[in-house]
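A.B. asks:
Residue numbers (the working numbering), protein chains in the order written: chain R, 510 to 621; chain A, 3 to 115.
1) For residue 585 of chain R, which residues of its own chain have a beta-carbon under 6 Å away from its beta-carbon, when the five flanking residues on both sides are left out?
2) In terms of DSSP beta bridges, what is residue 59 of chain A paired with?
3) How close, in whole Å, do the beta carbons of residue 613 of chain R and residue 42 of chain A come, if the pair is a contact with beta carbons under 8 Å?
4) Provide the residue span of the beta strand (DSSP E) that contains residue 568 of chain R, from first to last.
5) Note down, in chain order, each residue of its chain lying with its Cβ closer than 7 Å to the Cβ of residue 52 of chain A, except the 5 sequence neighbours on either side.
6) In whole angstroms, what is the alpha-carbon distance linking residue 539 of chain R and residue 518 of chain R?
7) Report the rounded CA-to-CA distance for residue 113 of chain A versus residue 521 of chain R, giving the unit in angstroms.
8) Using a C-beta to C-beta distance shorter than 8 Å, which residues of chain R count as neighbours of residue 47 of chain A?
9) Could you confirm whether any beta carbon from chain R is found closer than 8 Å to the beta carbon of residue 11 of chain A?
10) Is the separation between the beta-carbon of residue 511 of chain R and that of residue 576 of chain R shorter than 8 Å?
11) To which residues does DSSP link residue 545 of chain R through a beta bridge?
12) Need the endpoints of the beta strand (DSSP E) that residue 66 of chain A sits in, please.
13) Applying the criterion that 16 or more other CB atoms from any shown protein chain within 10 Å of the CB defines a buried residue, is residue 82 of chain A buried or exposed?
14) Please confirm whether residue 553 of chain R has its beta-carbon closer than 8 Å to some beta-carbon of chain A.
15) Leaving aside the five residues before and after residue 9 of chain A along the sequence, list all residues of the same chain whose C-beta is less than 6 Å from its C-beta, in chain order.
16) Hey, out of A/14, A/115, A/109, A/17, whose CA is closest to residue 77 of chain A's CA?
17) Under the criterion of a Cβ to heavy atom distance below 7 Å, does residue 544 of chain R qualify as lining the ligand HEM?
18) Touching or not, the stretch 555-571 of chain R and the stretch 86-105 of chain A, by the rule of three or more beta carbon pairs under 8 Å?
19) Cutting at 7 Å between CB atoms, please list the residues of its own chain near residue 570 of chain R, excluding the five before and the five after it.
20) Closest to residue 607 of chain R by C-alpha separation, out of A/57, A/92, A/18, A/14, would be which residue?
21) According to DSSP, which residues form a beta bridge with residue 585 of chain R?
22) May I ask you to report which of helix, strand or coil DSSP gives residue 109 of chain A?
23) Under 7 Å Cβ to Cβ from residue 593 of chain R, same chain only, skipping five residues before and after it: list those, please.
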């Protein structure tokens, strides 16, 4: 059974720091991995999608990597800003169950 | 282009009632999935529809049902509401099921009293 874990569960950093959020999954049979951002009480905003054949994707200050063989992905946020404060979720498109399976998220707070 | 639209945004219902939530996917997207999000359980998969057919279902009781129309709009229905059904219900659309990017709506906040 696919399980997705995110570490750390919460993170509080001063503005300007570079951050790494971690996501691990137990079964490498995935179609892709997606990172989302969720603001309190809101829906999910897609940040980056990495296909299973890709190693990384970049969008602005965000860079996500994927190592399918080891079941790991990292989301790198450069020069963090208070506006980056949110919960970050990773999800894998599981090839065995045909479902999008989510991690429990990392709650990020960036203070001025 | 317009994103995923969910209506209503907020609902308050009484135990035992039923409720219908609506989701309009991004134009051209044929896959619609529904998720329940609660503080204790996180995001849990409810079901997925593709071209009007239910392709997958999560571990929820039969009180939870859904359907998809020919224009890809989807509805989910919860009958005989329980207090534990209080949650944020999220809808996601994608072009071609699991191999393409999923886009989420703002959700419907359901409160059962």
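Backbone N, C-alpha and C fix where the C-beta goes; we use that ideal spot for every residue, glycine too.
C.D. replies: According to the structure shown:
1) 529, 572
2) A/49
3) Contact doesn't hold; Cβ gap of about 11 Å is too wide.
4) 565-568
5) 32, 33, 99
6) 23 Å
7) 31 Å
8) 608, 609, 610
9) no
10) no
11) R/555, R/598
12) 66-70
13) exposed
14) yes
15) 24
16) A/109
17) Absent from the structure shown: the ligand HEM. Ligands present: none.
18) yes
19) 586, 587, 588
20) A/57
21) R/529, R/572
22) coil
23) 586, 617, 619
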